[in-house]
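Enquirer:
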Amino acid sequence: MAIFKPLYLLTLIFIFVLICPIAHSIIDLSKSPFNFIENLQGCHQGNSTQGVNKLKLYLQEFGYLKYDNQIDNDVFDANLESALKLYQENFNLRPTGTLDAATVAQMTAPRCGVPDIIDGENTMLEHNHYHASSKSIHTVAHYTFFPNRPRWPCNKARLSYRFIPNTRPDAITAVDQAFQQWDIYTRFSFFRVSSAPSDIVIGFYSGNHGDGAPFDGPGGVLAHAFAPTNGWFHYDAAENWVNGAVPNGFDMKTVAIHEIGHLLGLGHSQYQSAIMFPSISSGTTKGIGQDDIDGIRDLYRACP
Ligand code: ZN
Ligand code: CA
Numbered sequence: 049m050a051i052f053k054p055l056y057l058l059t060l061i062f063i064f065v066l067i068c069p070i071a072h073s074i075i076d077l078s079k080s081p082f083n084f085i086e087n088l089q090g091c092h093q094g095n096s097t098q099g100v101n102k103l104k105l106y107l108q109e110f111g112y113l114k115y116d117n118q119i120d121n122d123v124f125d126a127n128l129e130s131a132l133k134l135y136q137e138n139f140n141l142r143p144t145g146t147l148d149a150a151t152v153a154q155m156t157a158p159r160c161g162v163p164d165i166i167d168g169e170n171t172m173l174e175h176n177h178y179h180a181s182s183k184s185i186h187t188v189a190h191y192t193f194f195p196n197r198p199r200w201p202c203n204k205a206r207l208s209y210r211f212i213p214n215t216r217p218d219a220i221t222a223v224d225q226a227f228q229q230w231d232i233y234t235r236f237s238f239f240r241v242s243s244a245p246s247d248i249v250i251g252f253y254s255g256n257h258g259d260g261a262p263f264d265g266p267g268g269v270l271a272h273a274f275a276p277t278n279g280w281f282h283y284d285a286a287e288n289w290v291n292g293a294v295p296n297g298f299d300m301k302t303v304a305i306h307e308i309g310h311l312l313g314l315g316h317s318q319y320q321s322a323i324m325f326p327s328i329s330s331g332t333t334k335g336i337g338q339d340d341i342d343g344i345r346d347l348y349r350a351c352p
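Residue numbers (the numbering used here): 49 to 352.
1. Can you tell me where the alpha helix (DSSP H) holding Tyr135 begins and where it ends?
2. Is the stretch 265 to 272 touching the stretch 155 to 171 in the sense that three or more CB pairs, one from each, lie closer than 8 Å?
3. Please classify Arg199 as buried or exposed, where buried requires at least 16 other C-beta atoms within 10 Å of its C-beta.
4. Grouping DSSP H, G and I as helix and E and B as strand, with all else coil, what is Thr251?
5. Suppose contacts are defined by Cβ-Cβ distances below 8 Å. Is Leu113 in contact with Lys102 by that definition?
6. Near Pro81, what residues of its chain come up, given a Cβ to Cβ distance below 7 Å and the 5 sequence neighbours on each side ignored?
7. How many angstroms separate the CA atom of Gly335 from the CA atom of Gly94?
8. Measure the alpha-carbon distance for Asn127 versus Ala244 and round it to whole angstroms.
9. Counting pairs of beta carbons, one from the stretch 321 to 329 and one from the stretch 214 to 228, are three or more of them closer than 8 Å?
10. Any idea if Gly343 is buried or exposed, counting beta-carbon neighbours within 10 angstroms, 16 or more meaning buried?
11. Residues around ligand 1, please: the condition is that the C-beta lies closer than 6 Å to some non-hydrogen atom of it.
12. Are at least three pairs of beta-carbons, each pair with one atom in the stretch 227 to 245 and one in the stretch 305 to 314, less than 8 Å apart?
13. With DSSP collapsed to three states, give me the class of Arg210.
14. Just how far apart, CA to CA, sit Lys183 and Asp122?
15. Name all residues in chain order for which at least one heavy atom of ligand 2 lies closer than 5 Å to the residue's CB.
16. If you reduce the DSSP assignment to three classes, tell me which class Ser182 lands in.
17. Quick one: residues in its chain with C-beta nearer than 7 Å to the C-beta of Ala222, no 5 flanking neighbours on either side, listed in chain order?
18. Going straight from the alpha carbon of Ile328 to that of Gln154, what length do you get?
19. With a threshold of 8 Å between beta-carbons, can Gly168 be considered close to chain C, or not?
20. Determine the burial state of Pro326: buried for a count of at least 16 other Cβ atoms within 10 Å of its Cβ, exposed for fewer.
21. DSSP three-state call for Glu287: helix, strand or coil?
22. Evaluate Gly313 with the Cβ neighbour count: other Cβ atoms within 10 Å of its Cβ, from every protein chain shown; 16 or more gives buried, anything less gives exposed.
23. Compare the beta carbon distance of Asn288 and Asn278 with 8 Å and say whether it is the shorter of the two.
24. Give every residue of the same chain whose Cβ lies closer than 7 Å to the Cβ of Asn256, excluding the five residues on either side of it in the sequence, and list them in chain order.
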């Protein structure tokens, strides 16, 4: 029997190394599709735990990981570690490569569906900014653009928008106000039309809706919009949409200001106070920040 004892111990150690250090028994009662990440807290390279493949899919969805045959397994490999470090850098977290508590908190936060890295181009990292050289060393800008800087033509400063039929009236009011905010700070003016055609189309959608990735139910991705000159801006119909800072609700105007930023050509910003920061908490409101204004002015600076 004595010979089996070390073997038994070794097996135990092996199992301990394979599973993630912290087994979380507390389950968030909210139904966010990102909540699975909480169960992975403490994971790092070398672990193999159920749910790691979902973490890979999450990082792939937002541009951090390329889709390949290593994504459909639960091995926390070197590629996942690099992707996680990149994510941590983008969100001003310590790039530990470990799924620590701060990283879990950020990753489970509701967010915009537009990826942070598009076509392999990490626009969020400062050293990749197109404009970095034109800025004074005392000014750190965090605004970004889509790859190849798509924008509306200079002669298109008046943009029309419409809502899909049966859009809730309080959303129309909230989006009207969001457009007014951008009107104040940019060269653009916006006007609502009641039927097609229009430059911009806004609506609430759920699940598969043909235009862009399907939505994921309550929590997780809240909305998404497309780079110029596509004009699509979609809310996830499954969210608890509200007007103002209402507990457990998401402010339609705040999310609209963010998505209109995409429609005009802005990518995600690392700067937490910028409206273009990718995530938003429930029960809060936010407006256009200086970083966002600087970004739009930079993107359209060639326009008279
Ligand atoms: Zn976004
Ligand atoms: Ca959602």
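Where is the CB? At the ideal position from N, CA and C, for every residue including glycine. Values in this document were obtained by computation on a predicted structure and should not be read as measured data.
Expert: On the basis of the data shown:
1. Ala126 to Asn138
2. yes
3. Buried, because 16 or more other Cβ atoms sit within 10 Å of the Cβ of Arg199.
4. Strictly speaking, residue 251 in this sequence is Gly, with Thr absent from that position. In this structure, Gly251 counts as strand in the three-state DSSP scheme.
5. no
6. Asp264, Gly265, Gly267 and Gly268
7. When the Cα atoms are used, Gly335 and Gly94 turn out to be separated by approximately 42 Å.
8. 45 Å
9. As far as the Cβ criterion goes, the stretch 321 to 329 does not touch the stretch 214 to 228, which means the pair count is below three.
10. buried
11. Cys160, Val162, His306, His310, His316 and Pro326
12. At 8 Å Cβ cutoff, the stretches touch.
13. strand
14. Per-residue confidence for Lys183 stands at a pLDDT of 46, beneath the threshold of 50, marking its modelled position as unreliable; the derived number appears in the next sentence. If I take the Cα positions, the gap works out to 43 Å.
15. Asp264, Gly268, Val269 and Asp284
16. With a pLDDT of 47 at Ser182, under the threshold of 50, the modelled position of this residue cannot be trusted, and the question is left open.
17. Asn291, Met300, Lys301 and Ala304
18. 10 Å
19. No chain C appears in the structure shown, which is made up of a single protein chain.
20. buried
21. coil
22. buried
23. no
24. Pro262, listed in sequence order.
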